[in-house]
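Student:
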Amino acid sequence: MDAESLDNALIALVDKRIELNGLKYSDDSYDKVEEELHDMEDDFVDVYGKYLEKVLEDVHEKYCSNTEVLLPTAYVAKKYIQKNEQPGGKPVYEVSPQEGVWVDLDGKPGQEAHLVLVPSPARILLMIGTQAAKEVWRV
């Protein structure tokens, strides 16, 4: 797997989601941007889906074995906040603890937790409760 191309594709997906979130539903360009986002999500799954599904299966097995693995795009947060840039210009994003896919943590029934896919570099964060974030995979 080409880590750089995966990360760049994820950044493009996140940037398109940020663009869509910045529009009102009544905005003339909303439907066009939403369609572009859906096309990008489809392309992302076509290119990286099998690889990321295997990664997600491994993560689920280790941390949340009773939770079904979904398509990789389900783990992309609905809202990202660009905080700054890395040397070289890649954006750095933050996500809230409620973003991503809700999972049932092994050994911690009732504990609120989410898995979320974050770029720069492409990685999966396990968001536990409202504060803690643990990186559980990195490309």
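Going by our numbering, 84 is the number at position 103 of the sequence shown; the sequence numbering is gapless. Yeah, the Cβ is synthetic: ideal placement off N, Cα and C, and Gly gets one too. All values reported here derive from a predicted model rather than from experimental measurement.
Could you give the uninterrupted runs of the beta strand (DSSP E) lying entirely in the segment 4 to 75, keeping only those of 3 residues or more?
Tutor: DSSP runs (the beta strand (DSSP E)) wholly in the segment 4 to 75: 62 to 66, 72 to 75.
Student: Taking the CB atoms as reference points, tell me whether ARG119 and PRO100 lie closer together than 8 Å.
Tutor: As a working mapping, residue 119 is identified with position 138 in the sequence shown. As a working mapping, residue 100 is identified with position 119 in the sequence shown. Their beta carbons are not under 8 Å apart, which means ARG119 does not touch PRO100 by this criterion.
Student: Apart from the five residues on each side of it in sequence, which residues of its chain come closer than 6 Å, Cβ to Cβ, to ALA(-10)?
Tutor: Along the sequence shown, read from residue 1 onward, the residue named residue -10 stands at position 9. Counting only Cβ-Cβ distances below 6 Å, and skipping sequence neighbours, we find PHE25.
Student: When you compare only the Cα positions, how much space is there between ALA(-7) and THR54?
Tutor: The residue labelled residue -7 in the question sits at position 12 within the sequence shown. The residue labelled residue 54 in the question sits at position 73 within the sequence shown. Distance between the alpha carbons of ALA(-7) and THR54: 13 Å.
Student: May I ask you to verify whether the segment 59 to 77 touches the segment 25 to 42, counting CB pairs closer than 8 Å and requiring at least 3?
Tutor: No, the segment 59 to 77 is not in contact with the segment 25 to 42.
Student: In the DSSP output, what is ALA114 paired with across the bridge?
Tutor: For the purposes of this step, residue 114 is identified with residue 133 of the sequence shown, where counting begins at 1. Beta-bridge pairing links ALA114 to MET108.
Student: Considering only C-alpha positions, which residue in the set ARG(-2), THR111, ASP23, VAL28 is nearest to MET(-18)?
Tutor: Sequence index remark: in the sequence shown, residue -18 carries index 1 (1-based). Per the Cα distances, VAL28.
Student: Keeping to the same chain, check which residues put their C-beta closer than 8 Å to that of LEU52; ignore five residues upstream and five downstream.
Tutor: The residue you call residue 52 lines up with position 71 of the sequence shown. The answer, listed in chain order, is VAL26, GLY30, GLU34.
Student: Taking only the alpha-carbon atoms, compute the straight-line gap between TYR10 and ASN47 and give it to the nearest angstrom.
Tutor: As a first step, residue 10 is located in the sequence shown; it is residue number 29 there, counting from the start. As a first step, residue 47 is located in the sequence shown; it is residue number 66 there, counting from the start. Checking the displayed sequence, the identity of residue 10 turns out to be Ser instead of Tyr. SER10 and ASN47: Cα-Cα distance of roughly 41 Å.
Student: Can you list, in chain order, the residues of its chain with a C-beta nearer than 7 Å to that of GLU116? Leave out the 5 residues immediately preceding and following it.
Tutor: Here residue 116 refers to the residue found at position 135 of the sequence shown. The residues are ARG104, LEU106.
Student: Would you decide whether ALA113 is buried or exposed? Buried here means 16 or more other CB atoms lie within 10 Å of its CB.
Tutor: As a working mapping, residue 113 is identified with position 132 in the sequence shown. It is exposed - the Cβ of ALA113 has fewer than 16 other Cβ atoms within 10 Å.
Student: Report yes if the C-beta distance between VAL84 and ALA58 is below 8 Å; otherwise report no.
Tutor: Working through the sequence shown from its first residue, we reach residue 84 at position 103. Working through the sequence shown from its first residue, we reach residue 58 at position 77. No. Outside cutoff.
Student: Considering only the beta carbon of each residue, do GLN92 and LEU86 sit closer than 8 Å?
Tutor: As a working mapping, residue 92 is identified with position 111 in the sequence shown. As a working mapping, residue 86 is identified with position 105 in the sequence shown. Going by C-beta atoms, GLN92 is nearer than 8 Å to LEU86.
Student: Taking Cβ positions, are TYR56 and GLY81 nearer each other than 8 Å?
Tutor: Looking up residue 56 in the sequence shown gives position 75. Looking up residue 81 in the sequence shown gives position 100. Contact flag set, yes.
Student: Report yes if the C-beta distance between VAL14 and LEU4 is below 8 Å; otherwise report no.
Tutor: Locating residue 14 in the sequence shown gives position 33, counting from the first residue. Locating residue 4 in the sequence shown gives position 23, counting from the first residue. Going by C-beta atoms, VAL14 is nearer than 8 Å to LEU4.
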